Amino acid sequence: LIVSIHFFVESDDYTPSILSKLRSAVTTNNAFGVMAVKFGFHTEIRNLSDKLKEEFFLTQMKPVASGQIETRAVAVHVPSVLTDIFEAVAGAVFLYSNFCLGTVAKAYQPFFYHAYKKDDFKQFLS
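When the sequence shown is numbered by our numbering, its final residue is 630 and no position is left out of the sequence of numbers.
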């Protein structure tokens with residue numbers, strides 16, 4: 505829902521069909537996992553195994569986190585723990601804001617704004 509709100513606010517000329525396609529493209533495990541690394545959520549995982557850190561982060565995600573590779577261009581398998589932490593933080597914001605969806609949208613809007621620009625989705629807009 506937060507993703508749909510983001511795209512709805514970004515442009516009032518998106519049809520419901522385009523909004524649905526955009527939301528589907530962005531709300532994948534890979535997309536959330538990449539954003540979790542890009543914005544440093546992975547640094548807060550207390551029990552991240554050394555094997556996962558070394559094999560996954562250093563070889564595949566470090567270029568994304570440092571901006572060497574565009575977020576939208578990443579085609580790697582993202583461990584579900586990265587997606588889980590991204591979604592868990594959103595859930596925590598929702599709970600601690602007394603179930604205010606607007607607060608979650610406000611908190612997460614900068615992530616989506618910086619991760620996804622309008623030009624990234626030209627294929628869906630035609």
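Note that the Cβ used here is the ideal one computed from N, Cα and C, for glycine as well.
The structure displayed is predicted, hence computed values, not measured ones.
Taking just the CA atoms, how far does D554 sit from A611?
-> C-alpha separation (whole angstroms): 30 Å.
Separation of E548 from A594, as counted between CA atoms = For A594 and E548, the gap between their C-alpha atoms comes out near 14 Å.
From what residue to what residue does the alpha helix (DSSP H) around H510 run?
-> Secondary structure note for H510: its alpha helix (DSSP H) is the uninterrupted segment 506-514.
Looking at the structure shown, is F603 part of a helix, part of a strand, or coil, going by DSSP?
-> Coil.
Round the Cβ separation of H510 and F616 to the nearest angstrom and send it over; I've been treating them as touching at under 8 Å.
-> Confirmed, Cβ separation roughly 4 Å.
Give the single residue among N533, T607, F543 whose Cα lies nearest to the Cα of D588.
-> That would be N533, whose Cα lies nearest to the Cα of D588.
Alpha carbon of V585 to alpha carbon of V538, nearest angstrom = Straight-line Cα distance between these residues: approximately 11 Å.
Extent of the continuous alpha helix (DSSP H) to which S524 belongs = Note, S524: alpha helix (DSSP H), 520-530.
L599 classed as buried or exposed, judged by whether at least 16 other C-beta atoms fall within 10 angstroms | Counting other Cβ atoms within 10 Å of its Cβ, L599 stays below 16 and is therefore classed as exposed.
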